[in-house]
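Some notes on the structure that comes next.
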Amino acid sequence: MTDEALRLEQRAGLPEALRVLLAEYPREGWKAHANFAGLVAFWLDRHLMFRQLTETLIRDAETRVDGGMDRQAYGQRLGRLGSMLVNQLHGHHQIEDMHYFPKLAGLETRLQRGFDLLDSDHHAMDGLLDRFTKFANGVLQGGEAGHFHTEVQGFTALLNRHLIDEEELIVPVILKYGAEGLE
327 MTDEALRLEQ RAGLPEALRV LLAEYPREGW KAHANFAGLV AFWLDRHLMF RQLTETLIRD
387 AETRVDGGMD RQAYGQRLGR LGSMLVNQLH GHHQIEDMHY FPKLAGLETR LQRGFDLLDS
447 DHHAMDGLLD RFTKFANGVL QGGEAGHFHT EVQGFTALLN RHLIDEEELI VPVILKYGAE
507 GLE
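The sequence shown begins at 327 in the working numbering and counts up one residue at a time.
If you want it as C-alpha cells, here you go:
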C-alpha cells in the first residue's frame with residue numbers, strides 16, 4: 327500500500343503486514359482471553375462510548391431536520407454531547423500518543439509502522455474535530471441541522487475506520503504481552 331492509500335480518508339483497513347497479531351488473536355476470541363479484563367475492556371468501552379455519541383448526534387440531527395425536536399432542546403443536546411465527544415477524543419488520543427503507543431510499539435517492534443499510522447490518524451482527527459466543531463457551532467448559532475448531519479455522518483465513518491484499525495492493532499498486542507506496565 328502506498329502512503330496515500332494508508333491515509334485515514336483513503337484506507338479500507340490495515341494492510342496485511344500490520345494484521346499479523348490479529349491473525350493470532352482474532353476479535354472473536356478477545357473477551358475470553360485472560361488479558362482482556364482491565365485495560366482492554368476499558369479501552370473498548372471508551373471506543374463504544376465514542377460510537378454511541380456519534381450515533382446519538384446523527385439521530386438527533388435527523389430528528390431536528392424532520393422537525394421532531396425544537397431548536398432549543400436540540401442545541402442543548404448538541405452542545406453537551408458534541409463537547410463531550412470532542413473533549414473525550416482529544417484526551418483519549420493524547421494519552422495514546424504520549425503513553426500507550428510508545429510502550430506498545432516497544433513491545434512489538436514489527437508493528438511500529440502501525441503505531442505511526444495511528445498517530446497520523448490522530449493528527450487527521452484533530453482537523454476533523456475542528457471541522458466538526460465549526461459545523462456544530464454553526465447550528466448552535468442558528469444554522470440548519472442538515473449540514474451538520476452530513477458532516478457528522480462523514481466524521482463518524484472516519485472515526486469508526488480509525489477505531490477499528492486501532493483496536494485490531496493494539497488489542498492483540500495487549501492480549502499477547504499483558505497490560506503490566508501500561509496502566
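Where a beta carbon is used, it is the ideal one built from N, C-alpha and C, also for glycine.
{"Item": "Expected contact under 8 Å - CB spacing of glutamate 434 and valine 497 to nearest Å", "Value": "Going by Cβ atoms, the distance from glutamate 434 to valine 497 rounds to 12 Å, so no, they are not a contact pair."}
{"Item": "CA-to-CA distance, glutamine 479 to aspartate 396, given in whole angstroms", "Value": "21 Å"}
{"Item": "Cβ-Cβ distance between alanine 387 and phenylalanine 474 below 8 Å", "Value": "yes"}
{"Item": "Local Cβ density within 10 Å of glycine 440, reported as buried at 16 or more and exposed below that", "Value": "buried"}
{"Item": "Close Cβ partners of aspartate 491 (< 6 Å) along its chain, the five nearest in sequence each way excluded", "Value": "Leu340"}
{"Item": "Beta-carbon proximity list for aspartate 447, same chain, < 6 Å, skipping 5 on both sides", "Value": "Leu334 and His488"}
{"Item": "Cβ separation of leucine 370 and glutamate 493, assumed to be a contact under 8 Å, to the nearest whole Å", "Value": "7 Å"}
{"Item": "Buried versus exposed, by CB contacts within 10 Å (16 or more), threonine 476", "Value": "exposed"}
{"Item": "Beta-carbon proximity check, leucine 411 vs threonine 389, cutoff 8 Å", "Value": "no"}
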